[in-house]
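> Quick note, the sequences are listed as chains A and B, same order.
Heads up, the first sequence is in our numbering, so the first residue is 1 and it goes up one at a time.
Heads up, the second sequence is in our numbering, so the first residue is 117 and it goes up one at a time.
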Amino acid sequence: GAGVSQSPSNKVTEKGKDVELRCDPISGHTALYWYRQSLGQGLEFLIYFQGNSAPDKSGLPSDRFSAERTGGSVSTLTIQRTQQEDSAVYLCASSPSSASGSYEQYFGPGTRLTVT
Amino acid sequence: AQSVTQLDSQVPVFEEAPVELRCNYSSSVSVYLFWYVQYPNQGLQLLLKYLSGSTLVKGINGFEAEFNKSQTSFHLRKPSVHISDTAEYFCAATKAAGNKLTFGGGTRVLVKP
């Protein structure tokens, strides 16, 4: 079946602009995660959704970052007033319901964001 | 708090030689461990996982890892590598289903002919 998809695959934006990154999880997966991968910081957790609610937002680095999930499916990560330090690869992952006891997360190919 | 340490940032190895990638974790609670591989310009692919039971875990592509609770380690091994194993490898941990993964810094494996 289809895996996790993310769009766009690459995004170049000017400093100060807003960007939206999209994640389409595996059908039926209720858990959705956003991570950021950058040269200096490695792989960092950003936010976790269970259904449409976000019980863990502890990794969002500032209030310029927000995310939402609608219909228990697609999620959008929004970065407002982008800064050069936001340049990174943003990875999305999904997982079956935590109630199922599944620990494995399935990752998308990522969106490479470059802020100029 | 949970943390994961990968002791080697880069590991060069010759084709058909064995390789071991080291991973240590710290956690005050039960921990579940994973190894992921990332090929250039791709997302992360799960190699193997340890949840419970046998401490020797076999994964895809001939990889295996051993969970050692007393040494808080989860080292990844492959007896004979191929050129196609050139990639970055990440060790990760979580304390429960539905929790975030905490990643190590990654180990870049370069297989030379």
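Every residue gets a Cβ at the ideal spot worked out from N, C-alpha and C, and that includes glycine.
Predicted model, so just to flag it, every value in this text is computed and none were measured.
Cβ closer than 7 Å: which chain B residues qualify as neighbours of D56 of chain A?
Ordered by position in chain B, the residues that pass the 7 Å Cβ test against D56 of chain A are K216.
> Name the chain B residues that come within less than 7 Å of P109 of chain A, Cβ to Cβ?
Simply Q158, G159.
> How many whole angstroms separate the CB atoms of A212 of chain B and T218 of chain B, which I take to be in contact at a CB cut-off of 8 Å?
Contact doesn't hold; Cβ gap of about 12 Å is too wide.
> With DSSP run on the structure shown, which of helix, strand or coil describes Q158 of chain B?
Three-state DSSP puts Q158 of chain B in coil, outside helix and strand.
> In the DSSP assignment, the beta strand (DSSP E) including T223 of chain B goes from what residue to what residue?
Taken as a continuous stretch (DSSP letters only), the beta strand (DSSP E) holding T223 of chain B covers 223 to 228.
> What distance in whole Å lies between the Cβ atoms of Y33 of chain A and E44 of chain A, which are believed to be in contact at a cut-off of 8 Å?
Not quite, the Cβ-Cβ distance comes to about 11 Å (not below 8 Å), so this is no contact.
> Taking Cβ positions, are Q6 of chain A and R22 of chain A nearer each other than 8 Å?
Going by C-beta atoms, Q6 of chain A is nearer than 8 Å to R22 of chain A.
> Beta-carbon of A31 of chain A versus every beta-carbon of chain B: anything under 8 Å?
It does: the Cβ of A31 of chain A has a partner Cβ on chain B nearer than 8 Å.
> Give me the chain B residues within the contact set of Y103 of chain A, using Cβ-Cβ distance strictly less than 7 Å, ordered along the chain.
By Cβ distance, chain B contributes Y148, K165, L167, T210, A213.
> Between which two residues does the beta strand (DSSP E) containing R36 of chain A stretch?
Unbroken beta strand (DSSP E) run through R36 of chain A: 31 to 38.
> Chain A partners of L123 of chain B, CB-CB under 7 Å?
The premise fails here: L123 of chain B is roughly 14 Å from chain A at the closest Cβ pair, so nothing lies under 7 Å.
> Examine chain B for any beta-carbon lying closer than 8 Å to the beta-carbon of Y48 of chain A, and answer yes or no.
Yes, contact with chain B.
> G71 of chain A to L77 of chain A, Cα distance in whole Å?
If I take the Cα positions, the gap works out to 15 Å.
> From the beta carbon of L162 of chain B, is the nearest beta carbon of chain A less than 8 Å away?
By this cut-off, L162 of chain B is an interface position.
> For Y90 of chain A, which option in A:P55, A:V19, A:S102, A:A54 has the closest C-alpha, if you only look at C-alpha atoms?
For Y90 of chain A, the nearest C-alpha among the options comes from A:V19.
> Can you confirm whether F206 of chain B, when its beta carbon is compared against all beta carbons of chain A, has any partner nearer than 8 Å?
It does: the Cβ of F206 of chain B has a partner Cβ on chain A nearer than 8 Å.
> Using the DSSP secondary-structure output, state which residues sit across from I79 of chain A in a beta bridge.
The partner list for I79 of chain A (beta bridge, DSSP) reads A:V19, A:F65.
> Step through the CB atoms of chain B and report whether any lies within less than 8 Å of the CB of F65 of chain A.
It does not; no Cβ of chain B falls within 8 Å.
> So for G214 of chain B, helix, strand or coil by DSSP?
Coil.
> Taking only the alpha-carbon atoms, compute the straight-line gap between L46 of chain A and T111 of chain A and give it to the nearest angstrom.
In a straight line, the C-alpha of L46 of chain A is about 14 Å away from that of T111 of chain A.
> According to the neighbour-count rule (16 or more other Cβ atoms, all chains shown, within 10 Å of its Cβ), is D201 of chain B buried or exposed?
Flag for D201 of chain B reads buried.
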